[in-house]
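S.K.: Just passing along the structure, written as structure tokens.
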Amino acid sequence: MTNRVVLIGHPVAHSFSAAMQQAAFDALEIDARYDLWDRRQIDLADAIAQLRGDDFLGANVTIPHKEHVVAMMDRLTDDAAATGAVNVIQRDGKKLIGHNTDVTGFKAALDKVVGRQKMPRHAVVLGAGGAGRAVVSALITEGFQRIVIFNRHLHRAEGIVRHFNKSAAHMELRAMPWHESVLEAELSKTKVLVNATSIGMAPGETPIPAELLPPDLFVVDLIYNPAITQLMKDATAARCTVLGGELMLLQQGARAFELWTGKPAPVEVMQAELDRTREQGLRQIPVDMGPAGEVPAGEVPAGEVPAGEAPAGEVPAGEAASAGGISADGAAAAPTA
Ligand code: NAP
Numbered sequence: 000m001t002n003r004v005v006l007i008g009h010p011v012a013h014s015f016s017a018a019m020q021q022a023a024f025d026a027l028e029i030d031a032r033y034d035l036w037d038r039r040q041i042d043l044a045d046a047i048a049q050l051r052g053d054d055f056l057g058a059n060v061t062i063p064h065k066e067h068v069v070a071m072m073d074r075l076t077d078d079a080a081a082t083g084a085v086n087v088i089q090r091d092g093k094k095l096i097g098h099n100t101d102v103t104g105f106k107a108a109l110d111k112v113v114g115r116q117k118m119p120r121h122a123v124v125l126g127a128g129g130a131g132r133a134v135v136s137a138l139i140t141e142g143f144q145r146i147v148i149f150n151r152h153l154h155r156a157e158g159i160v161r162h163f164n165k166s167a168a169h170m171e172l173r174a175m176p177w178h179e180s181v182l183e184a185e186l187s188k189t190k191v192l193v194n195a196t197s198i199g200m201a202p203g204e205t206p207i208p209a210e211l212l213p214p215d216l217f218v219v220d221l222i223y224n225p226a227i228t229q230l231m232k233d234a235t236a237a238r239c240t241v242l243g244g245e246l247m248l249l250q251q252g253a254r255a256f257e258l259w260t261g262k263p264a265p266v267e268v269m270q271a272e273l274d275r276t277r278e279q280g281l282r283q284i285p286v287d288m289g290p291a292g293e294v295p296a297g298e299v300p301a302g303e304v305p306a307g308e309a310p311a312g313e314v315p316a317g318e319a320a321s322a323g324g325i326s327a328d329g330a331a332a333a334p335t336a
């Protein structure tokens with residue numbers, strides 16, 4: 000019996016996870032197939048129920064379902080319970096265990112971008128979805144003393160503040176309205192800026208205007224596709240130290256692989272597949288659209304990353320051209336999201 004893992008989200012076609020995980024299964028000769036399931040919220044419970052079947056090792060969960068699936072799990076790990084979001088589901092007999100490997104993945108990215116410098120204590124987080132929750136959870140456990148969350152819909156950021164009420168009791172965790180003047184004031188006081196919104200997946204779009212970026216920030220953009228977002232270009236120009244989302248993608252994926260298979264993840268193979276995907280484009284994997292059927296008008300069907308898209312990159316301040324040999328200006332047009 001071929002084992003199965005699926006990515007459940009809406010949309011899913013842009014994801015690199017299928018290529019990365021399938022390469023890892025194949026390298027270790029594990030008889031498993033990774034499929035893409037595009038599911039709306041109305042179909043989510045049915046999709047989760049299917050994961051209890053004997054052929055499933057588990058699943059990844061992505062935009063916009065990471066918070067919705069929490070209540071559908073039989074058990075949550077500490078990271079998932081702390082964040083209130085699940086990005087990896089592991090089947091254990093008939094039971095489903097919800098994990099959050101984004102937390103570990105983000106910590107790896109934060110460590111990388113800060114490097115040998117002292118870990119800052121003040122961060123601004125843009126976004127209050129599942130990824131925003133994982134970022135806030137990681138920053139709290141890293142010992143940050145002030146975290147300010149901005150989100151288009153303020154109530155979601157306020158929900159995160161309420162959620163972390165106890166674990167953040169010793170520090171200042173605030174939700175603020177997304178106004179440029181407020182953002183600018185907070186950015187002038189912070190050392191770390193994290194983009195945990197999905198703004199930046201389309202060409203040229205950016206969550207904050209370039210002129211609001213002060214120099215010398217550590218900037219982590221969770222978006223990994225495109226490799227270099229407009230925010231990363233602007234932050235590099237402002238002499239910030241910048242990292243995109245690929246390291247987090249790799250680290251959260253490696254941990255997920257280990258949970259599903261019980262084997263150490265072949266990280267080099269997974270990285271090589273991410274590099275290949277950027278160079279040659281996503282392999283066409285059919286997207287299972289579920290009961291909703293056809294892709295509705297105005298939405299994008301299974302997409303392809305254009306060949307030649309720039310590799311992921313750490314772009315140290317002022318050194319964009321040396322980061323993986325790519326100029327921040329050389330990023331290819333963003334693929335569909
Ligand atoms: P999500 O739960 O759907 O949340 C999306 C976030 O983006 C929300 O804060 C939302 O604000 C905001 N947003 C979306 N469109 C917007 C717009 N037009 N204007 C203003 N705000 C907008 O998604 P998620 O799971 O948190 O993922 C967020 C991003 O992180 C995605 O790009 C995802 O690919 C990336 N990510 C990367 C990794 C990695 O391993 N590198 C891991 C996880 C996530 P509202 O609440 O106001 O709608």
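Counted the way numbering that gives the first Met the number 0 counts, the sequence shown spans residues 0 to 336. Glycine residues also receive a C-beta, built at the ideal position from the N, C-alpha and C atoms. A quick note: this is a predicted structure, and the numbers were derived from the prediction, not measured.
Under 8 Å: do the stretch 186 to 194 and the stretch 118 to 131 share three or more Cβ pairs, one atom per stretch?
M.R.: Yes, the stretch 186 to 194 is in contact with the stretch 118 to 131.
S.K.: How long is the line joining the alpha carbons of Met-258 and Gln-89, rounded to whole angstroms?
M.R.: As a position in the sequence shown, residue 258 is number 259, starting the count at 1. As a position in the sequence shown, residue 89 is number 90, starting the count at 1. Checking the sequence, you will find Leu at residue 258 rather than Met. One C-alpha to the other measures close to 7 Å.
S.K.: Between Asn-96 and Met-72, which are expected to be in contact by the criterion C-beta below 8 Å, what is the C-beta distance as a whole number of angstroms?
M.R.: Position 97 of the sequence shown, counting from 1, holds the residue named residue 96. Position 73 of the sequence shown, counting from 1, holds the residue named residue 72. Note that residue 96 is Ile in the sequence shown, not Asn. Yes, Ile-96 and Met-72 are in contact; Cβ-Cβ is about 7 Å, under 8 Å.
S.K.: Anyone know if the C-beta pair for Ala-195 and Leu-221 falls short of 8 Å?
M.R.: Residue mapping note: residue 195 aligns to position 196 of the sequence shown, counting from 1. Residue mapping note: residue 221 aligns to position 222 of the sequence shown, counting from 1. It is a contact, given that the beta carbons lie within the stated cut-off.
S.K.: Is Val-181 near Val-134, with beta carbons less than 8 Å apart?
M.R.: Your numbering for residue 181 matches position 182 in the sequence shown. Your numbering for residue 134 matches position 135 in the sequence shown. Going by C-beta atoms, Val-181 is not nearer than 8 Å to Val-134.
S.K.: Just how far apart, CA to CA, sit Met-19 and Gly-52?
M.R.: Locating residue 19 in the sequence shown gives position 20, where the first residue counts as 1. Locating residue 52 in the sequence shown gives position 53, where the first residue counts as 1. Whole-angstrom Cα-Cα distance: 24 Å.
S.K.: Indicate the three-state DSSP secondary structure (helix, strand or coil) for Pro-176 in the structure shown.
M.R.: On the sequence shown, residue 176 is found 177 positions in, with the first residue counted as 1. If DSSP states are grouped into helix, strand and coil, Pro-176 belongs with the strands.
S.K.: My parser needs the alpha helix (DSSP H) runs of 4 or more residues fully inside the stretch 28 to 53; what are they?
M.R.: With a minimum length of 4 residues, the continuous alpha helix (DSSP H) runs that stay inside the stretch 28 to 53 are 43 to 49.
S.K.: Have a look at Val-113 and Asn-150 and give me their C-alpha separation to the nearest angstrom.
M.R.: As a position in the sequence shown, residue 113 is number 114, starting the count at 1. As a position in the sequence shown, residue 150 is number 151, starting the count at 1. If I take the Cα positions, the gap works out to 24 Å.
S.K.: Consult DSSP for Ala-195 and reduce its assignment to one of helix, strand or coil.
M.R.: To locate residue 195, count along the sequence shown from 1; it is residue 196. Of the three classes helix, strand and coil, the one that applies to Ala-195 here is coil, per DSSP.
S.K.: Select from Gln-283, Ala-26, Ile-41, Tyr-33 the residue whose C-alpha is nearest the C-alpha of Gly-289.
M.R.: As a working mapping, residue 289 is identified with position 290 in the sequence shown. For Gly-289, the nearest C-alpha among the options comes from Ile-41.
S.K.: Have a look at Thr-240 and Asp-78 and give me their C-alpha separation to the nearest angstrom.
M.R.: Within the sequence shown, numbered from 1, the residue matching residue 240 stands at position 241. Within the sequence shown, numbered from 1, the residue matching residue 78 stands at position 79. Computed Cα separation, rounded: 28 Å.
S.K.: Going by other Cβ atoms of all chains shown within 10 Å of its Cβ, with 16 needed for buried, is Glu-245 buried or exposed?
M.R.: Locating residue 245 in the sequence shown gives position 246, counting from the first residue. Buried is the call here.
S.K.: What's the C-alpha gap between Arg-3 and Asp-30?
M.R.: Mapped onto the sequence shown, residue 3 falls at position 4. Mapped onto the sequence shown, residue 30 falls at position 31. Taking the straight line from one Cα to the other gives about 9 Å.
S.K.: Helix, strand or coil: which one does DSSP assign to Thr-276?
M.R.: For the purposes of this step, residue 276 is taken as residue 277 along the sequence shown, with counting starting at 1. In the structure shown, Thr-276 sits in a helix (DSSP, three-state: H, G or I).
S.K.: For Phe-15, does the three-state DSSP call read helix, strand or coil?
M.R.: What you label residue 15 is simply residue 16 of the sequence shown in a count that begins at 1. Coil, per DSSP.
S.K.: May I ask you to report which of helix, strand or coil DSSP gives Val-85?
M.R.: Counting from one through the sequence shown, the residue named residue 85 turns up at place 86. Three-state DSSP puts Val-85 in coil, outside helix and strand.
S.K.: Return helix, strand or coil for Val-171, following the three-state DSSP convention.
M.R.: One-based indexing of the sequence shown puts residue 171 at position 172. The sequence given here places Glu at residue 171; Val does not occur at that position. Strand, per DSSP.
S.K.: Taking 7 Å as the cut-off, is the CB of Ile-62 close to at least one heavy atom of the ligand NAP?
M.R.: Taking the first residue of the sequence shown as 1, we reach residue 62 at position 63. Correct: Ile-62 has its Cβ closer than 7 Å to the ligand NAP.
S.K.: Would you give the residue range spanned by the beta strand (DSSP E) that Lys-190 belongs to?
M.R.: Numbered from 1 along the sequence shown, position 191 holds the residue referred to as residue 190. Taken as a continuous stretch (DSSP letters only), Lys-190 belongs to no beta strand (DSSP E), as it is neither H nor E.
S.K.: Since I believe Thr-61 is in contact with Ser-14 (beta carbons under 8 Å), could you give me their beta-carbon distance rounded to a whole number of angstroms?
M.R.: Indexing the sequence shown from 1 puts residue 14 at position 15. Indexing the sequence shown from 1 puts residue 61 at position 62. Correct: roughly 6 Å between the Cβ atoms.
S.K.: Roughly how many angstroms separate the alpha carbons of Phe-105 and Lys-93, rounded to a whole number?
M.R.: Along the sequence shown, one-based indexing puts residue 105 at 106. Along the sequence shown, one-based indexing puts residue 93 at 94. So the two alpha carbons sit approximately 30 Å from each other.
S.K.: Could you check whether the Cβ of Ala-167 sits closer than 7 Å to any heavy atom belonging to the ligand NAP?
M.R.: Translated into positions along the sequence shown, residue 167 becomes position 168. Checking the Cβ of Ala-167 against the ligand NAP gives no.
S.K.: Could you tell me which whole alpha helix (DSSP H) segments of length 4 or greater appear in the stretch 55 to 102?
M.R.: Correct list: 77 to 82.
S.K.: Return the chain-ordered list of same chain residues with a C-beta closer than 6 Å to the C-beta of Phe-143, the five sequence neighbours on each side being excluded.
M.R.: Position 144 of the sequence shown, counted from the start, is the residue given in the question as residue 143. Once the five neighbours on either side are set aside, the close Cβ partners of Phe-143 are Arg-120, Ala-122.
S.K.: If you draw a straight line from the alpha carbon of Ala-231 to that of Tyr-33, how long is it in whole angstroms?
M.R.: On the sequence shown, residue 231 is found 232 positions in, with the first residue counted as 1. On the sequence shown, residue 33 is found 34 positions in, with the first residue counted as 1. Reading off the sequence shown, one finds Met at residue 231, where the question assumed Ala. Spanning the two alpha carbons is a distance of roughly 31 Å.
S.K.: Should Arg-23 and Pro-265 be called a contact, given that it needs their Cβ atoms to be closer than 8 Å?
M.R.: The count along the sequence shown starts at 1 and reaches residue 23 at position 24. The count along the sequence shown starts at 1 and reaches residue 265 at position 266. It should be pointed out that residue 23 corresponds to Ala in this sequence rather than to Arg. Yes; because the gap between Cβ atoms is below 8 Å, this pair is in contact.
S.K.: Contact defined as beta carbons within less than 8 Å: I believe Val-219 pairs with Ala-108. What is the distance between those atoms, to the nearest angstrom?
M.R.: For this step, residue 219 is matched to residue 220 along the sequence shown. For this step, residue 108 is matched to residue 109 along the sequence shown. Confirmed, Cβ separation roughly 5 Å.
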